[in-house]
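Right, one structure below, let's go through it.
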Amino acid sequence: ARELLAAATGDGLDRCAGERDNAKAIAAYASRSDASYVVCDGGKALFEADGKLERLSRADAARFGDVATATFLGTLDGAPLFAVDATLETDDARFRDTRVHGPFLSFSENQVALAATALVTWKRRSGFCSICGGPCTLGSAGHARTCQTCKAVSFPRSDPAMICAVSNRANDKILLARSPRHPEGVMTTLAGFVEAGETFEACVAREVLEETGVRIDEGSVRYLKSQPWPFPQSCMVAFRATADCGQELVLDDELLE
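Note that full-length UniProt numbering has the sequence shown beginning at 1, numbered continuously upward.
Put into structure tokens, the structure is as follows:
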């Protein structure tokens, strides 16, 4: 998990944002012999047998999807990287859940996997305009869509969510919970989505209270770090907070313990 968190703050992937609207530059990147392609299928990516993220040549990537509309991710160690949506039928068993396997990747592979997953997922979900329903075309090397009817432009979104480690005031106990999707014995800190018009601090207090019945100490919320969480399109923001551990727990119906 440390690698996944570090991926949000490092310098590994150069996203080359200033070149996305330069069609000649993108074409030049794609034609380079050191260009490689990451193939994604929803929240899954293609992995090598040893667990590393698979990076294919343009010709090999074309077996899985349309490389002509591949999303430009940027460069890694100077080499261009693209993401391909796996739209062609395949029985390749090397597709693995990025959410599960991402924490075991190297720092740089993690950055690439998260970016590719987020952008391919957005590409699949944004084919039609959210305003008028008209068809949209891709632009900015896969980082924007323009509606052909009303001309509205849309971009990949990241929905903010919080995750918080709530400890007692002595800092020797921590509040954990288990949801139905986790096996017995697997406990996690509390998390939830930020609502419209809500601050992160208010979200922490509300989610902890709703899920466990615990009121956190006023003014105790402290920001730690953030990380991309494109499952399907979130940015996870981490906090710490304190609370009186003598409070009675009142679990939300979504939690088992």
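Cβ atoms here follow ideal geometry from the backbone N, Cα and C, with glycine treated the same way.
Inset, instruction - Identify which residue in 179, 155, 193, 217 has its Cα closest to the Cα of residue 169. - result: Taking only the C-alpha atoms, the option nearest residue 169 is 217.
Legend entry - Between the CA atoms of residue 176 and residue 83 - distance to the nearest angstrom: 37 Å
Inset, instruction - Provide the residue(s) that pair with residue 192 in DSSP beta bridges, ordered along the chain. - result: 162
Inset, instruction - Assign residue 32 to buried or exposed, taking buried as 16 or more other Cβ atoms, counted over all protein chains shown, within 10 Å of its Cβ. - result: exposed
Inset, instruction - Report all residues from its chain with a CB closer than 6 Å to the CB of residue 143; omit the five preceding and five following residues, and keep chain order. - result: 20
Inset, instruction - Check whether the Cβ of residue 143 lies closer than 8 Å to any Cβ atom in chain B. - result: Although the question refers to chain B, the structure presented lacks it and comprises just one protein chain.
Legend entry - Residue from 65, 77, 99 with nearest C-alpha to residue 88: Distances from the CA of residue 88 to each of 65, 77, 99 were compared; the closest alpha carbon is that of 65.
Legend entry - Beta bridge counterpart(s) of residue 145 as assigned by DSSP: DSSP lists 138, 154 as partners of residue 145.
Inset, instruction - Check each candidate in 14, 164, 111, 245 and name the one with the smallest Cα separation from residue 80. - result: 14
Legend entry - Validate contact between the region 159–167 and the region 238–250 using beta carbons, cut 8 Å, 3 pairs: yes
Inset, instruction - Round the Cβ separation of residue 37 and residue 63 to the nearest angstrom and send it over; I've been treating them as touching at under 8 Å. - result: In fact, because the Cβ distance is near 11 Å, the residues do not count as touching under 8 Å.
Inset, instruction - Within its chain, find whatever has a CB closer than 6 Å to the CB of residue 194; leave out the 5 residues flanking it on each side and keep chain order. - result: 160, 203
Inset, instruction - With DSSP as the reference, label residue 36 as helix, strand or coil. - result: The DSSP-derived three-state label of residue 36 is strand.
Legend entry - Segment contact flag, the region 178–197 with the region 220–228, C-beta cutoff 8 Å, min 3 pairs: The region 178–197 vs the region 220–228: no contact.
Inset, instruction - Tell me, please, which residues DSSP counts as bridged to residue 168. - result: Residue 168 is bridged to 243.
Legend entry - Closest by C-alpha distance to residue 191, when choosing among 158, 150, 207: 207
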